[in-house]
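K.L.:
From first to last, the protein sequence lines stand for chains R and H. Take any residue in the first sequence, note its place counting from 1, add 323, and you have its number in our numbering. Take any residue in the second sequence, note its place counting from 1, add 36, and you have its number in our numbering. Heads up, the beta-carbon is just placed ideally off N, CA and C, and yes, glycines get one too. Sharing a structure with you now.
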Amino acid sequence: MKHTNYTIIYIGILTLFLFHLPTLALAKTPTASIRVSPVILTVPLSPGKTLTQEVTVENLTAKPMPLKATLNDFTSTGEEGGYMFEETKTSPLLAWTKLNETNFILTPKEKKKIMVTIKTPQRIPLGGYYGMLFLQPITTNDPTTTQIQSKVGILLLANIGVPDPKAKKAEVMTFTTDLLPINNTLPLLLRVKNISLHFFTAKPILTISPVLKLAQKEELPIYLEEKIIFQQKIRRWEQDLSLPNLKPNIYKAQMNVSTGNGQYVTAEKYFIIFPFAKAGITGLIFLFVLFLLIKRKRLKKTLQALLSPHK
Amino acid sequence: MSKNNAYYKALGRKTSVLVIIGLGLTVPAYASTPSSTNYKLPEYTFGSGGTNNSTSTNFRLKGVAGEVEFGRPSSTNYKLGSGLTYLNKSNVPPAPTLSNPSTNYDRLKLVINTNNHPTDTEFAVAISSDNFVSDVRYVKSDNTIGTTLSTTDFKTYTSWGTTTGVYITGLQRNTTYYVKAKARQGSFTESEWGPTSTGIPTSDASLTFTVDSSSIAFNNLNSSNSYTDTSKSTTVTTSTNAYNGYVVNARTTGLLTSGSTTIAAYTSPNSAPTSWSGLGFGYTTTDSDLTGGTNNRFTNGGAKYAGFTTSSPGDPVADHAGPILSTISNEQFTINYRVTVNSTQKAGRYNTTVLYVVVPSY
Chain R
324 MKHTNYTIIY IGILTLFLFH LPTLALAKTP TASIRVSPVI LTVPLSPGKT
374 LTQEVTVENL TAKPMPLKAT LNDFTSTGEE GGYMFEETKT SPLLAWTKLN
424 ETNFILTPKE KKKIMVTIKT PQRIPLGGYY GMLFLQPITT NDPTTTQIQS
474 KVGILLLANI GVPDPKAKKA EVMTFTTDLL PINNTLPLLL RVKNISLHFF
524 TAKPILTISP VLKLAQKEEL PIYLEEKIIF QQKIRRWEQD LSLPNLKPNI
574 YKAQMNVSTG NGQYVTAEKY FIIFPFAKAG ITGLIFLFVL FLLIKRKRLK
624 KTLQALLSPH K
Chain H
37 MSKNNAYYKA LGRKTSVLVI IGLGLTVPAY ASTPSSTNYK LPEYTFGSGG
87 TNNSTSTNFR LKGVAGEVEF GRPSSTNYKL GSGLTYLNKS NVPPAPTLSN
137 PSTNYDRLKL VINTNNHPTD TEFAVAISSD NFVSDVRYVK SDNTIGTTLS
187 TTDFKTYTSW GTTTGVYITG LQRNTTYYVK AKARQGSFTE SEWGPTSTGI
237 PTSDASLTFT VDSSSIAFNN LNSSNSYTDT SKSTTVTTST NAYNGYVVNA
287 RTTGLLTSGS TTIAAYTSPN SAPTSWSGLG FGYTTTDSDL TGGTNNRFTN
337 GGAKYAGFTT SSPGDPVADH AGPILSTISN EQFTINYRVT VNSTQKAGRY
387 NTTVLYVVVP SY
């Protein structure tokens, strides 16, 4: 009896082990998991001054993690806000920037502050400067398998000098809408060029107001996505705006692109909301009724002829 | 204090003063004296030597007193202006509500609180990072902040977004901000600044990125699996509050290589992936709203494949476009790999390195 009990316990433990083993083997443990903050580092620089900023990096795994920190140049590409990372470091910002740590190991769950020190020379051209700080977990290299590596980029943005708050910073290159939008959906294309020496955040604010007003009503602005525009670059906003509450009318679309500090560049377009589908059906019904009225005598005779018994 | 209340209170005080003065003076007999439903001034004159209304054939004089005898009476939250015209002030608005509901790092949500203000009342907002000790700035008409307050920065309650509010943008990360408001309703009605709101801090812009494995080992490719393996994948997980979102780009450092032999990258590019047809090493992604071409190009009508590029910065395989007003938390996308070779492919261990780079969008 005692022997039988031991056998049952043994079989039970073995069964539990066998059932759990595949689960443990299949579960993937994250091999690289880090948190960085800030992920966008905007620094106001002055000639001849030194500025130190902290970047925090945290190892979220339960294993030690070797990390490498590097500074990289990049070019803003396209109108969608793309990156092109450069092998050669041409941005002066990178030459002025020093990191207190470039190769280090984070213990499990450890959080570390990296000091980013930017020492700007006395004489430098005013304007916007930018670069990228990469943090890359170093994984062991097994030559028999395909390696998966990752890195996180931190955007470094710096404006040197204070631009005249009232100076024109941008130009609206394109602002188009459809003249006759269908289904109250307004296709919108906006392209804005930064003509200043500094980068800035452009905030397009669209106000749609009816031209034929029955009552004075304040129109609510529509805020589009804010985007950073680097100097001499163009950014694009292209989207379909759903405007379900617009009634048939002629409308003015007033685009105010804020360049900061209450300054705007503006453009406007007109469009017409007209219910083509409803108007078409109404028109057909009207024509049909008109036809009945005009031809009523002939129709009456035809009906009488059709309904009367054959002689 | 409503506009009318302020007027009557001031008028009452003025009345008592003027009546006392009137006892010793000859009051000129002019046209009708000021009156309302409940109050009437039987007689009055101006202490500062002004005159009340008078008319001739071509001109009409509107009498305005020069000064209030008692300066500018004030309490903690209210202050009267000088002169009769200044007495018609808008109610001082209560402290606006400032909040950071989505742990943003460069913006805070502002809701104006009214005090029985008429709908055409306009409000202006001041903002400070030190509770108005030395840092006093203003919320501009575009909801950014500036050092001066212009008349265009006064906006109606509707323009301030009513109960929904607006986001004040361009703020510094990890900084506590305070706001206060003032109101006006037409000329000479600008109120004093109201009480200050509770200080609300901005957060920090953070990004968390996780890759679920450090290596993949493809199956042995042979006739039993048609020289194909589609069973391997990498899952990337991202959390961030970056306003414009993020993009994960992928690239390989080279082709799948064994000695001097390589397996080519699948021929379709990231911008135009195709259903698998042919040979090579490629990938598909579960991101159905991806930048860099038609949004659902990898998922529409079944999995579509593209080959890895070896050029920097790589091609987009996962992203989340802005604007991000609520933190993205643990967003996962899976990149499924496929390798197919023909039977004549030289035997060997082929490997490369796949690099995933996550960057904030701007």
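Taking Cβ positions only, does Arg558(R) come closer than 7 Å to chain H?
P.N.:
Taking the first sequence and counting its residues from 1, one reaches residue 558(R) at position 235. Answer no: the Cβ-Cβ gap between Arg558(R) and chain H never drops below 7 Å.
K.L.:
Checking contacts by CB at 7 Å: is Arg220(H) closer than that to chain R?
P.N.:
Position 184 of the second sequence, counted from the first residue, corresponds to residue 220(H). Output row for Arg220(H): interface = no.
K.L.:
Could you pull the start and end residues of the alpha helix (DSSP H) that Ile608(R) belongs to?
P.N.:
Here the question's residue 608(R) lines up with position 285 in the first sequence. From DSSP, the alpha helix (DSSP H) with Ile608(R) extends over 599 to 617.
K.L.:
Who are the Cβ neighbours of Pro237(H) in its own chain at under 8 Å, not counting the five residues just before and after it?
P.N.:
Along the second sequence, one-based indexing puts residue 237(H) at 201. The residues are Asn136, Asn210, Thr211, Thr212, Tyr213.
K.L.:
From the beta carbon of Asp465(R), is the nearest beta carbon of chain H less than 7 Å away?
P.N.:
Sequence index remark: in the first sequence, residue 465(R) carries index 142 (1-based). Yes, its Cβ sits closer than 7 Å to a Cβ of chain H.
K.L.:
Using DSSP's beta-bridge definition, name the partner residues of Glu561(R).
P.N.:
Here residue 561(R) refers to the residue found at position 238 of the first sequence. BP columns for Glu561(R) point to Leu512(R).
K.L.:
Among the residues of its own chain, which have a CB less than 7 Å from the CB of Leu535(R), if the five just before and after it don't count?
P.N.:
Position 212 of the first sequence, counted from the start, is the residue given in the question as residue 535(R). Asn572, Ile573.
K.L.:
Could you please give me the residues that DSSP links to Asp396(R) through a beta bridge?
P.N.:
Within the first sequence, the letter at position 73 stands for residue 396(R). Glu409(R), per the DSSP bridge assignment.
K.L.:
Taking only beta-carbon atoms, is Glu548(R) less than 7 Å away from chain H?
P.N.:
Here residue 548(R) refers to the residue found at position 225 when the first sequence is read from its first residue. Taking Cβ atoms only, chain H reaches closer than 7 Å to Glu548(R), which makes this a yes.
K.L.:
What's the gap between the Cα of Ala160(H) and the Cα of Ile204(H)?
P.N.:
For the purposes of this step, residue 160(H) is identified with residue 124 of the second sequence, where counting begins at 1. For the purposes of this step, residue 204(H) is identified with residue 168 of the second sequence, where counting begins at 1. Their backbone Cα atoms lie some 13 Å apart in a straight line.
K.L.:
Secondary structure at Arg621(R), three-state DSSP: helix, strand or coil?
P.N.:
Numbered from 1 along the first sequence, position 298 holds the residue referred to as residue 621(R). Reduced to three states, the DSSP call for Arg621(R) is helix.
K.L.:
Taking 7 Å as the threshold (beta carbon to beta carbon), is Ile299(H) in contact with chain R?
P.N.:
Position 263 of the second sequence, counting from 1, holds the residue named residue 299(H). No, no contact with chain R.
K.L.:
Give the residues from the region 319 to 349 of chain H that approach chain R closer than 9 Å (Cβ to any Cβ), ordered along the chain.
P.N.:
Going along the region 319 to 349 of chain H in chain order, one finds Thr327, Gly328, Ser348, Pro349 with a Cβ nearer than 9 Å to chain R.
K.L.:
Can you tell me which of the three DSSP states Asn482(R) falls into?
P.N.:
The residue you call residue 482(R) lines up with position 159 of the first sequence. It is a strand residue.
K.L.:
Please go through the same chain and pick out, in chain order, the residues whose beta-carbon is closer than 6 Å to the beta-carbon of Ile552(R), but skip the five residues on each side of it.
P.N.:
Start at 1 with the first residue of the first sequence, and residue 552(R) comes out as number 229. So the qualifying residues of the chain are Asn517, Ala525, Arg558.
K.L.:
Does any residue of chain H bring its CB to less than 7 Å from the CB of Ser356(R)?
P.N.:
Looking up residue 356(R) in the first sequence gives position 33. Closer than 7 Å: yes.
K.L.:
Residues of chain R with CB closer than 7 Å to the CB of Gly358(H), please, in chain order.
P.N.:
Taking the second sequence and counting its residues from 1, the one referred to as residue 358(H) is at position 322. Within 7 Å Cβ-Cβ: Glu548.
K.L.:
Between Ser223(H) and Glu541(R), which are expected to be in contact by the criterion C-beta below 8 Å, what is the C-beta distance as a whole number of angstroms?
P.N.:
Your numbering for residue 223(H) matches position 187 in the second sequence. Your numbering for residue 541(R) matches position 218 in the first sequence. At roughly 20 Å, the Cβ-Cβ gap does not stay under 8 Å, so Ser223(H) and Glu541(R) are not in contact.
K.L.:
If distances are taken between C-alpha atoms only, which option among Gly603(R), Pro598(R), Arg358(R) comes closest to Ile505(R)?
P.N.:
In the first sequence, counting from the first residue as 1, residue 505(R) sits at position 182. Comparing Cα-Cα distances from Ile505(R) to each of Gly603(R), Pro598(R), Arg358(R), the minimum goes to Pro598(R).
K.L.:
Sort Glu433(R), Gly476(R), Lys624(R), Gln577(R) by Cα distance to Asn285(H) and report the nearest one.
P.N.:
In the second sequence, the residue the question calls residue 285(H) occupies position 249. Nearest C-alpha to Asn285(H): Gly476(R).
K.L.:
Spell out a yes or no on whether the region 216 to 230 of chain H and the region 160 to 178 of chain H are touching, meaning 3 or more CB-CB pairs, one atom from each, closer than 8 Å.
P.N.:
Output reads yes: the region 160 to 178 of chain H touches the region 216 to 230 of chain H.
K.L.:
Which of the residues in the region 246 to 280 of chain H, read from start to end, lie with their CB under 9 Å from any CB of chain R?
P.N.:
Of all residues in the region 246 to 280 of chain H, Thr246, Val247, Asp248, Ser249, Ser250, Ser251, Ile252, Ala253, Phe254, Lys268, Thr270, Thr271, Val272, Thr273, Ser275, Thr276, Asn277, Ala278, Tyr279, Asn280 have a Cβ within less than 9 Å of some Cβ in chain R.
K.L.:
Does Leu243(H) come within less than 7 Å of chain R when only Cβ atoms are used?
P.N.:
Position 207 of the second sequence, counting from 1, holds the residue named residue 243(H). Yes - at least one Cβ of chain R is within 7 Å of the one on Leu243(H).
K.L.:
Touch check for the region 358 to 374 of chain H and the region 132 to 146 of chain H: three-plus C-beta pairs under 8 Å?
P.N.:
At 8 Å Cβ cutoff, the stretches touch.
K.L.:
What in chain H is Cβ-close to Met407(R), meaning under 9 Å?
P.N.:
Counting from 1 along the first sequence, the entry for residue 407(R) is found at position 84. Result: Ser348, Pro349.
K.L.:
Take the Cβ of Tyr593(R) as the centre, count every other Cβ of all protein chains shown within 10 Å, and call the residue buried at 16 or more, exposed below.
P.N.:
Counted from its first residue, the first sequence places residue 593(R) at position 270. Exposed, by the Cβ-count rule.
K.L.:
If you run the structure through DSSP and keep just helix, strand and coil, what is Asp323(H)?
P.N.:
Looking up residue 323(H) in the second sequence gives position 287. Here Asp323(H) sits in coil by DSSP.
K.L.:
Please classify Gln627(R): does DSSP put it in a helix, a strand, or coil?
P.N.:
Here the question's residue 627(R) lines up with position 304 in the first sequence. DSSP places Gln627(R) in helix when its eight states are reduced to three.
K.L.:
Whole angstroms are fine: how far does the CA of Lys432(R) sit from the CA of Thr365(R)?
P.N.:
Locating residue 365(R) in the first sequence gives position 42, counting from the first residue. Locating residue 432(R) in the first sequence gives position 109, counting from the first residue. Taking the straight line from one Cα to the other gives about 27 Å.
K.L.:
Less than 7 Å between the beta carbons of Met455(R) and Phe522(R), yes or no?
P.N.:
Along the first sequence, one-based indexing puts residue 455(R) at 132. Along the first sequence, one-based indexing puts residue 522(R) at 199. No, they are not a contact pair.
K.L.:
Val202(H) to Ser126(H), Cα distance in whole Å?
P.N.:
For the purposes of this step, residue 202(H) is identified with residue 166 of the second sequence, where counting begins at 1. For the purposes of this step, residue 126(H) is identified with residue 90 of the second sequence, where counting begins at 1. Their backbone Cα atoms lie some 22 Å apart in a straight line.
K.L.:
For Asn261(H), name the three-state secondary structure that DSSP assigns.
P.N.:
Along the second sequence, read from residue 1 onward, the residue named residue 261(H) stands at position 225. Asn261(H) falls in the helix class under three-state DSSP.
K.L.:
Can you tell which of Pro444(R), Asn464(R), Asn482(R), Gln376(R) has the C-alpha that lies nearest to the C-alpha of Gly450(R)?
P.N.:
Within the first sequence, residue 450(R) is the residue found at index 127, counting from 1. That would be Asn482(R), whose Cα lies nearest to the Cα of Gly450(R).
K.L.:
Use the C-beta contact count for Val359(R): other C-beta atoms within 10 angstroms, 16 or more gives buried, fewer gives exposed.
P.N.:
Within the first sequence, the letter at position 36 stands for residue 359(R). Buried: at least 16 other Cβ atoms inside 10 Å.
K.L.:
Assign Asn277(H) to buried or exposed, taking buried as 16 or more other Cβ atoms, counted over all protein chains shown, within 10 Å of its Cβ.
P.N.:
Counting from 1 along the second sequence, the entry for residue 277(H) is found at position 241. Asn277(H) is buried by the Cβ-count criterion.
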